[in-house]
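Structure first, commentary second.
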Amino acid sequence: MTTLTYTVKLATESGPAAPPAPRRARLLLEFKDPVNDAYRQTTLVLDADTPQRTWQIDVGAADAGQAFYSSVLDYEASEQVARPPVAFVGTQATVGGPADPVSVVALLEALDWAAVSSVRVAVGGASHTFSRERPHAWWFAVPAPGIVEWRADYAMTDGTTRSGAGVATQGVAVIPAPPVEVGFSIATADLDAFAVAAVALRVTGHDGVTRSAELGKTHPDATLSLPYAPPGQAWFAYDWTVTYTDGTPPWTAPARSSDGATSIVLGDFGRILLASDKIDFDVVGKVTLSWRYNNTPKSAELSRAQRSVLLRPDQDYDRAQPLIAGLSYVLSSGSTNLEGEAVPQGRFEVPYPLGTRLVRVFAPGLLATPPLYSAMKLTSVQTLELGAGWQLQNGLPSISLTPGAPTWETRVAAVDPERVALIFSGTATPAGGGRPKQIAETRSPFELTPAGPEIPLATVQVSAQSVDWERYARVEASLWTGSDAQRENEQTVSFDRNSADAWWAYLPAPGAYGPSFRWSATYYPADGASPLHKAPTAGDNPRLSLPPTVS
Numbered sequence: 001m002t003t004l005t006y007t008v009k010l011a012t013e014s015g016p017a018a019p020p021a022p023r024r025a026r027l028l029l030e031f032k033d034p035v036n037d038a039y040r041q042t043t044l045v046l047d048a049d050t051p052q053r054t055w056q057i058d059v060g061a062a063d064a065g066q067a068f069y070s071s072v073l074d075y076e077a078s079e080q081v082a083r084p085p086v087a088f089v090g091t092q093a094t095v096g097g098p099a100d101p102v103s104v105v106a107l108l109e110a111l112d113w114a115a116v117s118s119v120r121v122a123v124g125g126a127s128h129t130f131s132r133e134r135p136h137a138w139w140f141a142v143p144a145p146g147i148v149e150w151r152a153d154y155a156m157t158d159g160t161t162r163s164g165a166g167v168a169t170q171g172v173a174v175i176p177a178p179p180v181e182v183g184f185s186i187a188t189a190d191l192d193a194f195a196v197a198a199v200a201l202r203v204t205g206h207d208g209v210t211r212s213a214e215l216g217k218t219h220p221d222a223t224l225s226l227p228y229a230p231p232g233q234a235w236f237a238y239d240w241t242v243t244y245t246d247g248t249p250p251w252t253a254p255a256r257s258s259d260g261a262t263s264i265v266l267g268d269f270g271r272i273l274l275a276s277d278k279i280d281f282d283v284v285g286k287v288t289l290s291w292r293y294n295n296t297p298k299s300a301e302l303s304r305a306q307r308s309v310l311l312r313p314d315q316d317y318d319r320a321q322p323l324i325a326g327l328s329y330v331l332s333s334g335s336t337n338l339e340g341e342a343v344p345q346g347r348f349e350v351p352y353p354l355g356t357r358l359v360r361v362f363a364p365g366l367l368a369t370p371p372l373y374s375a376m377k378l379t380s381v382q383t384l385e386l387g388a389g390w391q392l393q394n395g396l397p398s399i400s401l402t403p404g405a406p407t408w409e410t411r412v413a414a415v416d417p418e419r420v421a422l423i424f425s426g427t428a429t430p431a432g433g434g435r436p437k438q439i440a441e442t443r444s445p446f447e448l449t450p451a452g453p454e455i456p457l458a459t460v461q462v463s464a465q466s467v468d469w470e471r472y473a474r475v476e477a478s479l480w481t482g483s484d485a486q487r488e489n490e491q492t493v494s495f496d497r498n499s500a501d502a503w504w505a506y507l508p509a510p511g512a513y514g515p516s517f518r519w520s521a522t523y524y525p526a527d528g529a530s531p532l533h534k535a536p537t538a539g540d541n542p543r544l545s546l547p548p549t550v551s
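With the UniProt record's numbering applied, the sequence shown corresponds to residues 1 to 551, in that order.
The following block contains the structure:
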């Protein structure tokens with residue numbers, strides 16, 4: 001416990017410049033501690049015989065509460081004056097003086113104590129610190145009535161500080177939530193894209209004050225100081241007016257409330273910009289959006305040459321009605337359609353719900369040693385997505401394969417690239433001459449291996465992806481059939497860190513099923529040391545992955 005001693009005395013000043021001193025004062029002394037829910041009071045009388053008295057009380061905390069005195073003063077001719085409660089300044093007070101103080105109470109608005117650590121409020125030369133534990137009203141005694149200014153310094157929980165100031169009204173200083181810096185901006189690239197001249201921004205804070213700023217090409221951002229709002233209430237509301245460079249009348253965006261963000265990008269300019277940043281124009285020829293306006297068909301096309309299209313209200317669409325556009329994607333010489341897509345105001349990135357698949361064709365019959373065919377020609381080539389029924393590419397040029405160029409590849413787009421298939425037919429010309437043989441129409445997965453008509457080739461895919469390329473600069477792999485001495489159908493392939501997989505093919509013995517071969521490898525260290533040799537090893541897997549190291 002702490003003992004506090006308060007002293008009160010009767011004023012004795014009088015004269016032509018001051019009112020007469022009171023003859024007597026009846027006092028009500030109070031001590032209020034809302035933090036600890038404590039209250040004390042007593043009554044005292046001061047007169048000529050006893051012009052000074054003290055009051056001692058025991059309290060839990062000296063700085064958690066305040067002492068007040070209210071008085072009834074008796075003057076000459078039985079005149080009585082009642083004075084409202086005034087907070088003690090320190091522990092002493094003079095009652096009935098020529099300049100009796102008046103009280104100003106400081107009240108906090110509802111604060112978000114998760115964001116605010118403390119608030120120090122200064123009034124009339126005195127100060128008090130509010131906190132989550134001590135948010136209650138605090139009284140300040142000021143020398144005389146008049147304009148009373150206050151200042152608040154906010155300590156935020158993130159370590160930053162804020163400041164605010166104001167004037168007390170009728171003895172009450174309402175301390176608002178702290179201000180915070182909120183940034184508003186526009187993308188300068190959008191100004192040209194939307195034909196915007198300037199944007200006039202208006203922001204009304206929780207305090208009712210409207211702040212304004214103008215944004216443009218030379219000043220695309222602005223920072224405004226706005227007060228925090230009590231929890232559960234809108235922090236601020238804002239709208240903006242857009243003026244255009246093409247003579248269109250100005251447009252004002254609908255007002256909207258803040259969501260707590262401290263950085264806001266204004267992206268609605270009263271128009272729609274169809275953008276195609278997500279479209280892969282390597283596999284998409286163009287995208288067409290189709291809709292209706294005033295019962296009239298409307299459309300817009302996006303392509304590699306035309307990456308965006310600006311739509312203007314009352315010319316291309318009705319701003320008051322939702323715009324639903326159908327999308328058609330032209331994929332090389334085929335196409336696919338999607339359901340209608342809702343197009344909002346502002347920048348609209350046209351969706352690209354497709355994936356890209358690399359379609360690769362290679363002919364092991366041309367890779368055999370010696371080659372079984374001198375040429376292959378694949379005709380009626382199409383790509384489609386199995387299950388979806390979407391024809392992705394139609395009428396592709398004929399694919400010609402030779403021993404010198406035994407592979408071909410292209411990229412196609414599909415909703416599910418794993419279901420892409422290639423359909424083809426064609427002919428294969430035997431290496432020793434003779435009439436070309438027909439390759440029947442074939443539906444193959446995306447990675448196709450046309451061996452040739454009725455020839456059961458054995459193929460092995462060789463990969464060097466697992467090699468430790470930090471240690472080795474090059475690796476040579478040799479594959480063969482038969483004994484290590486005879487090395488039939490032998491082929492040697494060289495790899496470095498950038499090499500793709502390679503294929504080896506041979507004509508197996510009658511009745512054999514799948515590959516059966518021998519292989520060895522030579523590793524060339526990156527530091528120039530002597531090559532390291534891996535001894536011959538048997539293999540029967542159609543995919544051979546070279547080990548990271550020799551050992």
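Even glycine gets a Cβ: it sits at the ideal position worked out from N, Cα and C.
Residue environment, residue i, which counts as buried when at least 16 other CB atoms sit within 10 Å
i           : result
Asn-541     : exposed
Tyr-39      : exposed
Gly-164     : buried
Thr-383     : buried
His-206     : buried
Asn-498     : exposed
Ala-300     : buried
Arg-307     : exposed
Asp-33      : buried
Thr-459     : buried
residue 565 : The displayed coordinates of the chain run from 1 to 551. Any statement about residue 565 would go beyond what the structure contains.
Leu-448     : Residue placement at Leu-448 is flagged as unreliable, the pLDDT there being 43, under the threshold of 50; a coordinate-derived value is accordingly withheld.
Val-242     : buried
Arg-347     : buried
Asp-277     : exposed
Gln-52      : exposed
Val-199     : buried
Val-174     : exposed
Thr-481     : buried
Gly-434     : exposed
Gln-170     : exposed
Met-1       : exposed
Residue i, enclosing alpha helix (DSSP H) - first and last residue
i       : result
Thr-188 : 188–193
Gly-365 : 364–367
Residues that residue i bridges to, as DSSP identifies them
i       : result
Lys-377 : Ser-400 and Thr-427
Lys-9   : Gln-52 and Thr-94
Ser-71  : Leu-27 and Arg-83
Asp-33  : Ala-38
His-533 : Thr-522
Thr-161 : Ala-155
Gly-528 : Note: Gly-528 sits in no beta bridge, so no partner.
Lys-437 : Ala-428
Leu-111 : The partner list for Leu-111 (beta bridge, DSSP) is empty, contrary to what the question assumes.
Span of the beta strand (DSSP E) around residue i
i           : result
Pro-313     : Run containing Pro-313: none; DSSP gives neither H nor E here.
Arg-543     : 543–545
Leu-331     : 323–331
residue 552 : Outside the displayed span of the chain (1 to 551) sits residue 552, for which this structure offers no information.
Pro-370     : Neither: Pro-370 is in no beta strand (DSSP E) and is coded neither H nor E.
Trp-504     : 502–506
Glu-181     : 179–185
Leu-201     : 196–205
Ser-103     : 102–108
CA nearest to the CA of residue i, picked from the options
i       : options                               : result
Thr-252 : Gly-267, Glu-149, Pro-371 and Thr-54  : Gly-267
Asp-63  : Arg-435, Arg-53 and Thr-91            : Thr-91
Pro-249 : Tyr-293, Arg-474, Gly-270 and Gln-321 : Gly-270
Glu-385 : Ala-222, Leu-191, Pro-51 and Val-415  : Val-415
Leu-215 : Ala-500, Gln-233, Ala-187 and Ala-126 : Ala-187
Leu-274 : Pro-313, Arg-211 and Val-343          : Val-343
Leu-29  : Arg-23, Lys-9, Val-35 and Pro-20      : Lys-9
Ser-400 : Ser-374, Val-89 and Pro-297           : Ser-374
Tyr-154 : Pro-176, Val-142 and Val-172          : Pro-176
Glu-441 : Ala-152, Ile-423, Ala-99 and His-128  : Ile-423
Phe-88  : Tyr-238, Val-209 and Val-104          : Val-104
Pro-508 : Arg-292, Glu-488, Ala-526 and Thr-492 : Glu-488
Phe-495 : Ala-505, Pro-515 and Arg-474          : Arg-474
Gly-432 : Leu-366, Leu-479 and Thr-492          : Leu-366
Chain E within 9 Å of residue i, Cβ atoms only
i       : result
Glu-476 : The chain labelled as chain E is not found in the depicted structure, where only one protein chain is given.
What are the complete beta strand (DSSP E) segments, minimum 3 residues, inside the segment 121–159?
You should have 126–131, 138–142 and 149–156.
Taking only runs of the beta strand (DSSP E) that begin and end inside the segment 228–297, which ones reach a length of at least 3 residues, in chain order?
Listed in chain order, the complete beta strand (DSSP E) runs (minimum 3 residues) inside the segment 228–297 are 236–244, 263–265, 272–275 and 286–293.
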